[in-house]
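Everything in the sequence shown is counted per our numbering, starting at 627 for the first residue and increasing by one. These notes are about the structure you will find just below.
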Amino acid sequence: MKKIQIKPSDLLKNSSIKISGSKSESNRILILNSIYKNIKVSNLSNSDDTILLKSALDNLNEKIDIHHAGTAMRFLTAYLSTVEGKRFILTGSKRMKERPIGILVEALKDLGFKINYLEKNGFPPLKISGNKSKISNISIDSNVSSQFISALILIAPTLENGLKIKLEGKIVSKPYLNLTLNVLKKIGISYSFKKNIIEIKNVKKIRNNDYLIESDWTSLSYFYSIVAVNKKINIKLNNFFKDSFQGDSILNKIFIDLGVKTKFLNASEILLSPIKKYKKPNNLSLNLIDSPDLAQTIAVTCLAMKIPVEITGLQTLKIKETDRILALNNELTKFGAKIKYDDSSIVIYPPKEIKKNINIDTYNDHRMALSVAPLGLIVPITINDPDVISKSFPEYWNNLSQLGFNLKNLN
627 MKKIQIKPSD LLKNSSIKIS GSKSESNRIL ILNSIYKNIK VSNLSNSDDT ILLKSALDNL
687 NEKIDIHHAG TAMRFLTAYL STVEGKRFIL TGSKRMKERP IGILVEALKD LGFKINYLEK
747 NGFPPLKISG NKSKISNISI DSNVSSQFIS ALILIAPTLE NGLKIKLEGK IVSKPYLNLT
807 LNVLKKIGIS YSFKKNIIEI KNVKKIRNND YLIESDWTSL SYFYSIVAVN KKINIKLNNF
867 FKDSFQGDSI LNKIFIDLGV KTKFLNASEI LLSPIKKYKK PNNLSLNLID SPDLAQTIAV
927 TCLAMKIPVE ITGLQTLKIK ETDRILALNN ELTKFGAKIK YDDSSIVIYP PKEIKKNINI
987 DTYNDHRMAL SVAPLGLIVP ITINDPDVIS KSFPEYWNNL SQLGFNLKNL N
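The structure is reproduced here in structure tokens:
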């Protein structure tokens, strides 16, 4: 197995980094561009997930294997259902076959679409026979995954009578729903979202669009972590917007408590810098129900800075690439942390001395590798299967080298 070793090093005081387009926004606009054809997209994500989705949409083969790409699985399940007269087998990796999709499939069936489970009920792989739907009302559980709802939103304008979606229960990751709706708005499709009802009318044509994708705030989180842990480096980045509709842009507020300030230099350029005269808090308590992908970054940052932290609102993490709550427990305890956790929260008590030379497992989860790397600024670490980062952020290790990280590939 390939490994990468990171040892403490002095970083460059001033650096500039480029991050490609948001994976979440890219995947949404790709589905819409497959429907409307006249959107010219720039700054597309170079992540594995986006490349896999684009390839699937460009070819529409009878059998589509999206490997570990969860967003692609959800969005394609809905989109392929609308491709009239075509049949598809939609499958993925072993882990993908363990990730539930029943809520979305049953909602699509209620709309009149034809989908069958090929192995275990409620899970991929799926057999999809594309057809029309005239039904315009649906109710769906909204406390499991926002991607199920986003998948419905993306096909809603193609349905003959549009779609009214009633959301049942507490909405998780609501900013991702708002992201989906804002992508629609940006290409000229209006919507209504009042209380727990989303309504979108049928739209046959849209105007020609030049669509610039904002860079990825979730990927940016790892550089917030680096600035917080290092306390000396300043990092400049392009194509991030003050009025971002990515939910993880909440980073610029969360990381004030971790000693990082965000300065918007102009309409699309930001500077991350350590806060002068920063006073470390005794502890932190955060509810990340709207931004669960930040959990690993914040957990590792607090461990490195020796700040006890309680993170709640994590119920979606169990159905990600791995059970991320369990993975955090497994890996951070190796460093000497004391941890309490349940299905939706984790409490981390850092040790007085962080243990050195720990081998970190990544569980086929890109965010485990990405988030843990800043710990290498404090103690020597070794990360197993580092290439897993290609799922969302393939240039990450090169970026860290550019900042002055001491990296060594081990085979």
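All residues carry an ideal CB built from backbone N, CA and C; glycine is no exception. As the structure is a computational prediction, the values presented were derived from the model and not from experiment.
In the three-state DSSP reduction, Leu-1033 falls in the strand class (E or B). Leaving aside the five residues that flank Glu-957 on each side, the residues in its chain whose CB is nearer than 6 Å to its CB run, in chain order, Ile-986. The C-beta distance from Pro-900 to Lys-857 rounds to 5 Å, short enough to fall under 8 Å.
Cβ neighbours of Ser-894 within its own chain (closer than 7 Å, five residues either side excluded): Asn-864, Asn-865, Phe-866, Phe-867. In the structure shown, Thr-938 falls within a strand segment according to DSSP collapsed to helix, strand and coil. Rounded to the nearest angstrom, the gap between the Cα atoms of Thr-708 and Ile-764 is 16 Å. The Cβ atoms of Ile-775 and Leu-803 lie closer than 8 Å to each other. By the CB criterion at 8 Å, Asn-1037 and Pro-1006 fall outside the cutoff. Our two residues, Phe-961 and Ile-933, have alpha carbons roughly 14 Å apart in a direct line.
Secondary structure within the segment 781-814: the beta strand (DSSP E) runs of 3 or more consecutive residues, fully enclosed, are 789-794 (chain order). If you keep only unbroken alpha helix (DSSP H) runs of at least 4 residues inside the segment 987-1034, you get 992-998, 1022-1029. Two segments are said to touch when three or more pairs of C-beta atoms, one from each, lie closer than 8 Å; by this definition the segment 630-645 touches the segment 847-862.
DSSP places Val-886 outside any alpha helix (DSSP H); the residue lies instead in the beta strand (DSSP E), whose first and last residues are 886-890.
Here the alpha carbons of Thr-717 and Pro-726 stand approximately 13 Å from one another.
In this structure, Glu-1021 sits away from His-992, with a CB-CB distance that is not shorter than 8 Å. Beyond the five residues adjoining it in sequence on each side, Ala-733 comes within less than 6 Å, by CB distance, of Ile-764, Ile-766 in the same chain, given in chain order. The secondary-structure analysis by DSSP pairs Ile-823 across a beta bridge with Lys-792, Lys-820.
For Ser-899, the enclosing beta strand (DSSP E) starts and ends at 895-900. Bridge pairing for Phe-714: Ile-754 [DSSP].
In the three-state reduction of the DSSP assignment, Tyr-904 falls in the coil class, being assigned neither a helical nor a strand state. Taking C-alpha positions only, Ser-648 is separated from Leu-996 by approximately 16 Å. When DSSP states are grouped into helix, strand and coil, Gln-872 belongs to the coil group. The C-alpha of Ile-937 is placed about 5 Å away from the C-alpha of Leu-912.
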